[in-house]
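Take a look at the structure below.
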Amino acid sequence: MSSSAHQNQVLDLYDAHDSKFLTPFQRRTLLKNLQTDLQPEYRRRIEIILLADMGKSQSNICEIIGCSQEMARYWIGIAEAGMAHKWNERRIGRPKTVNNQYIERLKELVTHSPREYGYAFGSWTAQWLSKHLANELGIEISDRHINRLLKQMGLSTKSKSSQQQKNLPNQDANITICDLQSNSEPSFNWSFNLIQTNN
């Protein structure tokens, strides 16, 4: 389907529905902008927001527009957050180099579960971090670069428990667990003795 055909399809579809997230002002602005000669990237953002506003599902939106799941998820989130007016604030042509904002966001993502960002899986891979950040910040770097950055920050996409199991033989893991148990008892007795002494 050509871009103008699906543009008209979104406009036709939209007129017939009630709004879920957008204010009348946001709706008017987006519809008006959709009828101008926009870059395809911006046009897709508006279409995702408008379709989400009509209550269309993520997979439905991807079918209608032909965009990626990640892109749909991001802009649906923007619509739900009431920030649809920011559709053109994330510049497409900004510098593609890793900056402090990128590093901070990478750190933030890797310390949270991907589920918090709407993904179905429970732990990040470098590939998914790269995709998510490219979508969000418009900076595309390779999985290997992501892993290098994480290493520099002392972070990893591997969960802590699986790393410890790799690094420690089973024997050491058992010693660690025993140590934890024996440490907790004296501290309890110690606080008990303090209470008795105070009386």
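In our numbering, the protein residues as written are 222 to 420.
Each residue gets a CB set at the ideal place from its N, CA and C atoms; glycine is no exception.
Computed from a prediction, not measured in an experiment: that's the story for all the values here.
Using alpha carbons as the reference points, say which of Ile286, Glu325, Met304, Asn309 lies closest to Gln373. Mapped onto the sequence shown, residue 373 falls at position 152. The option with the nearest alpha carbon to Gln373 is Glu325.
Give me, in chain order, the residues of the same chain whose beta-carbon lies closer than 8 Å to that of Thr318; leave out the 5 immediate sequence neighbours on both sides. Counted from its first residue, the sequence shown places residue 318 at position 97. So the qualifying residues of the chain are Ile360.
Pairwise C-alpha distance: Ile367 and Trp296: Position 75 of the sequence shown, counted from the first residue, corresponds to residue 296. Position 146 of the sequence shown, counted from the first residue, corresponds to residue 367. Between Trp296 and Ile367, the C-alpha separation is close to 24 Å.
Is the region 304 to 311 close to the region 252 to 267, with three or more CB pairs under 8 Å? Contact holds: three or more Cβ-Cβ distances are below 8 Å.
Go ahead and pull the three-state DSSP assignment for His333. Within the sequence shown, the letter at position 112 stands for residue 333. Here His333 sits in coil by DSSP.
Pull up the distance between the alpha-carbon of Asp258 and that of Glu357, whole angstroms please. Here residue 258 is taken as the residue at index 37 of the sequence shown, counted from 1. Here residue 357 is taken as the residue at index 136 of the sequence shown, counted from 1. If you draw a straight line from the Cα of Asp258 to the Cα of Glu357, it comes to about 24 Å.
Using only the alpha-carbon positions, how far apart do Asn281 and Glu301 sit? Walking along the sequence shown from the start, residue 281 turns up at place 60. Walking along the sequence shown from the start, residue 301 turns up at place 80. Going by the C-alpha atoms only, they are around 17 Å apart.
With three or more C-beta pairs closer than 8 Å as the rule, is the region 276 to 290 touching the region 244 to 251? At 8 Å Cβ cutoff, the stretches do not touch.
Taking C-alpha atoms, which residue in Leu271, Met292, Ser240 lies nearest to Gly339? Residue mapping note: residue 339 aligns to position 118 of the sequence shown, counting from 1. Looking at the Cα atoms, Met292 is the closest of the given residues.
Pairwise C-alpha distance: Leu350 and Lys379: Mapped onto the sequence shown, residue 379 falls at position 158. Mapped onto the sequence shown, residue 350 falls at position 129. Linking Lys379 to Leu350 through their CA atoms gives a straight-line distance of about 13 Å.
With distances taken from CA atoms, which of Gly375, Thr250, Leu330 is nearest Ala355? The residue given as residue 355 occupies position 134 in the sequence shown. Of Gly375, Thr250, Leu330, the residue nearest in Cα terms is Leu330.
Which value, in whole angstroms, describes the spacing of the CA atoms of Lys352 and Trp345? Position 131 of the sequence shown, counted from the first residue, corresponds to residue 352. Position 124 of the sequence shown, counted from the first residue, corresponds to residue 345. Whole-angstrom Cα-Cα distance: 11 Å.
Could you give the residue range of the alpha helix (DSSP H) that holds Met292? Locating residue 292 in the sequence shown gives position 71, where the first residue counts as 1. Looking at the DSSP string, the run of the alpha helix (DSSP H) that includes Met292 is 290 to 301.
If distances are taken between C-alpha atoms only, which option among Pro335, Gln348, Tyr263, Ser334 comes closest to Ala363? Looking up residue 363 in the sequence shown gives position 142. One point to set straight first is that residue 363 is Ser, not Ala, in the sequence displayed. Closest option to Ser363, Cα to Cα, is Gln348.
Segment limits, alpha helix (DSSP H) that includes Thr250: Working through the sequence shown from its first residue, we reach residue 250 at position 29. Here the alpha helix (DSSP H) through Thr250 covers 245 to 255.
Helix, strand or coil for Ile362 per DSSP? Taking the first residue of the sequence shown as position 1, residue 362 is located at position 141. Here Ile362 sits in coil by DSSP.
Just to check my reading of the structure: Leu370 and Leu327 have Cβ atoms closer than 8 Å, yes? What is that Cβ distance to the nearest angstrom? One-based indexing of the sequence shown puts residue 370 at position 149. One-based indexing of the sequence shown puts residue 327 at position 106. Between Leu327 and Leu370 the Cβ distance is about 6 Å, and since that is below 8 Å, they are a contact.
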